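In order, the protein sequence lines correspond to chains A and B.
Under our numbering, the residue at position 113 of the first sequence is numbered 113, and the numbers go up by one with no gaps.
Under our numbering, the residue at position 28 of the second sequence is numbered 1028, and the numbers go up by one with no gaps.
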Amino acid sequence: MEGDTVLVVVIATAIAFDFTNGFHDTANVVATAISTRALPPRLAIALASILNFVGAFISLKVADTVGKGFVETSQVTTTVVFAGLIGAIAWNLATWYFGLPSSSSHALIGGLVGSMLVAHGFGAIDGDGLLGKLIVPALLAPILAFTAAAVAITLSYRILGRLRPGPVSRAFRLGQIVSGGLLALSHGTNDAQKTMGVMTLALVAHGSISAKAFHVPSWVVLSAASAIALGTFTGGWRIIRTMGSRIIRMDPAQGFAAQGAGAAVILAASGAGYPLSTTHVISGGIMGAGAAKRLSAVRWGVAGNIAVAWLLTLPAAAGVGALAYAVSRVFGTGALGPLLISVSLLTALLGVFARRVRATRSPGEGLASTS
Amino acid sequence: MTATVVELGKLLDVVLFALGATVGVAILFSLAILGVTQASERRGQHRAAAIAYGTLAVVGLAGCVAAAGYGLVLLTSK
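Listed below in structure tokens is the structure:
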């Protein structure tokens, strides 16, 4: 009975994480299309949330990697999964509060690894899996997106350099609707699957699914797709502003190249089962498209702040995950610890959210200023 | 050791697919824009050139659609 209660708390927390993932990350997906005025903000976000929902059904390879690739599945308990999720949510909210586009994916895996370390020690962590399936692809992905976007925009400017800019910009704005759509689809494909993997891991820990017959149930796919789509629709406007205009002011051709590079990298990685950070990839694409035109066009200071947030994500989320597990165990192995932590987090979240809403309603801020 | 932990073949596939798709689609879409703008400018005086640019536009756009469709089919069929 108590195991069932913990499972319900974990599933609810996973869905909440997926919601914050959509809220936090998908802003990255629509920022370029909004900043080049290819799409009005609300339409861009509505389109992105629909395509995120659809994208979640495309593949399950990433869910498999998250569920089986980083920790010893047979040793995972529902409390470990819960504490990992708390680490990820706390880090997501902190970076959202400060407007930094960090990686929800790395926060999730960092949180899980941190709680697993405290629960079972280093032996329960698959170091090879972490290196080969997470860290190396994570380092490669933004460099790949940077290079692809830089080469693409350089060739586009070569082909179209002598034409009048008006019709070219209009055409690229149309192209951005498609490339932005593909980017949203790829985001749903890669990001929603991470939550599916974690939810399935909780079901394995609970005993509802056998570790040997690891598979993602349909209701898990549907609930993860719905949560990320809803999170996307709610929108993370602070990060849209950072991604869309504070790294670099883009023209529609650059937006097209950045979105195209981001979509291609994420879709290719999803096909291979790599859980990438969409944030890292699209940031790399934006910087590549900007640097190819003029190195000084990129605001490297902002890019540096984002890089610091990236570096901190894994250890910070692991730290919070470890702490959440330790606090939870103070109250035993039952449902009391997870319930108390959930209530505390929810209370803190409501307080922070209310403060943020008050701040965005002050003159000169708010949604209108982002469009 | 690292080479066995990191599946180099799989990573190389990701790199080649991503680079090829991004650069390929950017070239095709740029050629389509070039075709459309030049075809409309030359429609009055140089009919043959307008037809050639129009063909370029159609080929470029068709290539973009085919590349995006092929990528999605590849992803869903794996």
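Beta carbons are placed, not taken as given, at the ideal position from N, Cα and C, and that holds for glycine.
Keep in mind the model is a prediction, meaning the values are calculated, not measured.
- When CB distances to chain B are screened at a threshold of 8 Å, the residues of the segment 264-294 of chain A falling below it are A264, V265, L267, A268, A269, S270, G271, A272 and Y274, in chain order.
- In chain order, L1011 and V1014 make up the part of chain B whose C-beta sits under 8 Å from the C-beta of P137/A.
- Contacts between L51/A and chain B, judged by CB atoms closer than 7 Å, are missing: the closest CB pair is about 12 Å apart.
- Only residues of its own chain outside the window of five on either side were considered, and among them none has a CB closer than 6 Å to the CB of A264/A.
- Distance from L7/A to H206/A at the Cβ level is roughly 5 Å; contact confirmed, criterion being Cβ atoms closer than 8 Å.
- Taking a Cβ-Cβ cut-off of 7 Å, the neighbours of G132/A in chain B comprise V1005, V1006 and E1007, given in sequence order.
- Residue-level contact check: L1074/B touches chain A, since one or more beta carbons of chain A fall below 8 Å from its beta carbon.
- For M250/A, the closest of A289/A, S296/A and K61/A by C-alpha to C-alpha distance is A289/A.
- I125/A carries a strand assignment under DSSP once its states are collapsed to helix, strand and coil.
- In the DSSP annotation of this structure, the continuous segment of the alpha helix (DSSP H) that includes K1010/B starts and ends at L1008 to R1042.
- Cα atoms of A309/A and L100/A: separation of roughly 7 Å, rounded to the nearest angstrom.
- As far as DSSP is concerned, V9/A takes part in no beta bridge.
- Listed along the chain, the chain B residues whose CB falls inside 7 Å of the CB of L182/A are A1068.
- Taking C-beta atoms as the reference points, G321/A and G110/A count as a pair closer than 8 Å.
- Along the segment 163-209 of chain A, the alpha helix (DSSP H) occurs as fully enclosed runs of 4 or more residues at 165-206, listed in sequence order.
- Take the alpha-carbon of A31/A and the one of I341/A: they are about 34 Å apart.
- Among the residues of chain A, those whose CB is under 9 Å from the CB of T1037/B are L160, L163, R164, P167, V168 and A171, following chain order.
- When Cβ-Cβ separations below 8 Å define contact, A1062/B makes no contact with chain A.
- For L85/A, not one C-beta of chain B is nearer than 8 Å to its own C-beta.
- Contact of V151/A with chain B by beta-carbon distance below 7 Å involves V1023.
- At least 8 Å separates the CB of G1054/B from every CB of chain A.
- Rounded to whole angstroms, S210/A and V113/A show a C-alpha spacing of 21 Å.
- When the beta-carbon positions are compared, P142/A and H24/A stay at least 8 Å from each other.
- When DSSP reads this structure, V71/A sits in a beta bridge with I125/A.
- Taking the CA atoms as reference points, G285/A sits about 8 Å from T147/A.
- Taking a C-beta distance under 8 Å as the contact criterion, G1044/B and L267/A do not qualify as a contact pair.
- Between the C-alpha atoms of L140/A and S186/A there is a straight-line separation of about 17 Å.
- For a cut-off of 8 Å, the C-beta gap from R173/A to R37/A is around 7 Å, short enough to register as a contact.
- For L43/A, the enclosing alpha helix (DSSP H) has its first and last residue at P41 to G55.
- Annotated three-state conformation of A94/A is helix, per DSSP.
- Residue burial annotation: A316/A is buried, with at least 16 other C-beta atoms found within 10 angstroms of its C-beta.
- Per DSSP, the continuous alpha helix (DSSP H) segment holding M287/A begins and ends at T278 to K293.
- Within the same chain, no residue comes within 7 Å of T1037/B by CB-CB distance, once the 5 residues on both sides are set aside.
- A Cβ of chain B is located within less than 8 Å of the beta carbon of I58/A.
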